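Undergrad: Line by line, the protein sequences are chains Y and D.
Be aware that the first sequence starts at 1, since it is given in the numbering used here, and climbs by one per residue.
Be aware that the second sequence starts at 1001, since it is given in the numbering used here, and climbs by one per residue.
Ideal placement from N, C-alpha and C gives every residue a C-beta, glycine not left out.
Bear in mind the structure is a predicted one, so any value in this text is a computation, not a measurement.
2 protein chains.
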Amino acid sequence: MKVRKLTRTDARFERSPGQDGEIYSGNLVDQRDGGPVTIGYGRWLPHQRLKVELVVHDTMIVLEGEVWADTPDGTLHAGPGDIVYMPEGETVTIRTGECETITAYVTYPHWQVAEGGA
Amino acid sequence: MKVRKLTRTDARFERSPGQDGEIYSGNLVDQRDGGPVTIGYGRWLPHQRLKVELVVHDTMIVLEGEVWADTPDGTLHAGPGDIVYMPEGETVTIRTGECETITAYVTYPHWQVAEGGA
C-alpha cells in the first residue's frame, strides 16, 4: 500500500452500529486495503451517547467539539487535540454535549471485521 | 489496560531519531503499557525535513500547522484535521514549512521496538 493523505471530506459517513442516534463513522482505510489498521473519521451530533464494549483497540482523536467518556473508574473529558485510548476488552460510554464533535480514529485490528460488520 | 485520556501537555518530547534538527516526539502509550499500539504527539519546528523508511504502520494526524510528504508518487499536503497514513515498507520525506506543527501519531506495532530504540 502507498502513503496516503486522508481528509474528512473524503469520508462517507454511515450510522455507527449499536445506536439509532446521530453518530456516524466513515472509514478511509480498512480491511479492504490489506493493512492491519482501520482509519477514519467520526461525526457526533450534540447530546449523543454510545456504550461501547471494545472488541478492538480504538484510538480516538478529538478534532472539533468535545466528548466525555464514562469508564468504571470515572469520567474523562477530551477536547480538541486530546486523545481517548480505549483498549480491547474495556467498556466505555462516550457522550457529547452541546457541540457537534468531529473525531479521527485508528483501530487495531479492523473494527468492522471484529464486529462482523463489513 | 484501562481507558485513558491523553493530552499534548503530558507528552515528554525527545528528539526523534534519524535527524539532528528540531523534530520531537513524545510517546504516551507504548510497549511499556502492554498493548499493540504506540500513541503520542509530535512537535515539528518550521523548515524541518525527515526522511523515514517505515518499519511500522504509522498514522499521523495533523493537529496544528501543516506538513508535506514527498513520496515516490508525488507530494501530499496535510493541514489541521488531515491524516497521513504511512504503511510499513514505504519511504517518505516529511517536511514542514513556515509553521510550527503539532501532530498525533498511532503506530502498529511499536516504533521504538522496531527501530531497536527503547
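#1: Does the CB of residue 1037 (chain D) have a neighbour CB from chain Y at under 8 Å?
#2: Using CA coordinates, which residue listed in Y:99, Y:69, Y:40 and Y:55 is at the minimum distance from residue 22 (chain Y)?
#3: Out of Y:50, Y:9 and Y:33, state which residue places its alpha-carbon closest to the alpha-carbon of residue 95 (chain Y).
#4: Under DSSP, the beta strand (DSSP E) around residue 78 (chain Y) begins and ends at which residues?
#5: From this set, D:1042, D:1010 and D:1059, which residue's C-alpha is nearest residue 1024 (chain D)'s C-alpha?
#6: Taking C-beta to C-beta, are residue 1006 (chain D) and residue 105 (chain Y) nearer than 8 Å?
#7: Going by the beta-carbon positions, is the gap between residue 71 (chain Y) and residue 1039 (chain D) smaller than 8 Å?
#8: Thinking just about the alpha-carbon of each residue, which of Y:78, Y:67, Y:27 and Y:30 is nearest to the one in residue 46 (chain Y)?
#9: Is residue 1095 (chain D) helix, strand or coil by DSSP?
#10: Indicate whether residue 56 (chain Y) and residue 107 (chain Y) have their beta-carbon atoms separated by less than 8 Å.
#11: Name, please, each residue of chain Y whose Cβ falls closer than 9 Å to the Cβ of residue 1022 (chain D).
#12: With a CB to CB cut of under 6 Å and the five nearest residues on each side skipped, what residues in its chain are close to residue 37 (chain Y)?
#13: Give the C-beta separation of residue 35 (chain Y) and residue 11 (chain Y) to the nearest angstrom, bearing in mind that I take them to be a contact with Cβ-Cβ under 8 Å.
#14: So, with DSSP's three-state summary, where would you put residue 114 (chain Y)?
#15: Please report how far the alpha carbon of residue 118 (chain Y) lies from the alpha carbon of residue 112 (chain Y), in whole angstroms.
#16: Name, please, each residue of chain Y whose Cβ falls closer than 7 Å to the Cβ of residue 1081 (chain D).
#17: Since residue 1101 (chain D) and residue 1044 (chain D) should fall inside the 8 Å C-beta cutoff, what is the C-beta to C-beta distance between them, to a whole number of angstroms?
#18: Since residue 1088 (chain D) and residue 1054 (chain D) are thought to touch, with beta carbons under 8 Å apart, how far apart are those beta carbons, to the nearest angstrom?
#19: Chain D beta carbons: is any one of them nearer than 8 Å to that of residue 73 (chain Y)?
TA: Taking the coordinates as given:
#1: Closer than 8 Å: yes.
#2: The shortest C-alpha separation from residue 22 (chain Y) is found at Y:99.
#3: Between residue 95 (chain Y) and the set Y:50, Y:9 and Y:33, the nearest pair of CA atoms involves Y:50.
#4: Where residue 78 (chain Y) is concerned, the enclosing beta strand (DSSP E) stretches over 74 to 78.
#5: In this structure, D:1042 is the residue among D:1042, D:1010 and D:1059 with its C-alpha nearest to the C-alpha of residue 1024 (chain D).
#6: Inclusion of residue 1006 (chain D) and residue 105 (chain Y) in the CB contact set at 8 Å is not warranted, their separation being larger than that value.
#7: Taking 8 Å as the Cβ cut-off, residue 71 (chain Y) and residue 1039 (chain D) do not qualify as a contacting pair.
#8: Cα-wise, what sits closest to residue 46 (chain Y) is Y:67.
#9: Residue 1095 (chain D): strand per DSSP, three-state reduction.
#10: The beta carbons of residue 56 (chain Y) and residue 107 (chain Y) sit closer together than 8 Å.
#11: Going along chain Y, no residue has its Cβ under 9 Å from residue 1022 (chain D), so there is no contact; the nearest lies around 20 Å.
#12: Excluding residues within five positions, the ones whose Cβ falls inside 6 Å are 106 and 108.
#13: Rounded, the Cβ-Cβ distance is 17 Å, inconsistent with contact.
#14: Three-state DSSP puts residue 114 (chain Y) in a helix.
#15: With a pLDDT of only 48 at residue 118 (chain Y), under the threshold of 50, the placement of this residue in the model should not be trusted, and no figure is reported.
#16: Near residue 1081 (chain D) (Cβ distances below 7 Å), the residues of chain Y are 8 and 63.
#17: Yes, they are in contact, since the Cβ atoms of residue 1101 (chain D) and residue 1044 (chain D) sit about 4 Å apart, within 8 Å.
#18: The beta carbons of residue 1088 (chain D) and residue 1054 (chain D) sit about 5 Å from each other, so the pair counts as a contact at 8 Å.
#19: Output row for residue 73 (chain Y): interface = yes.
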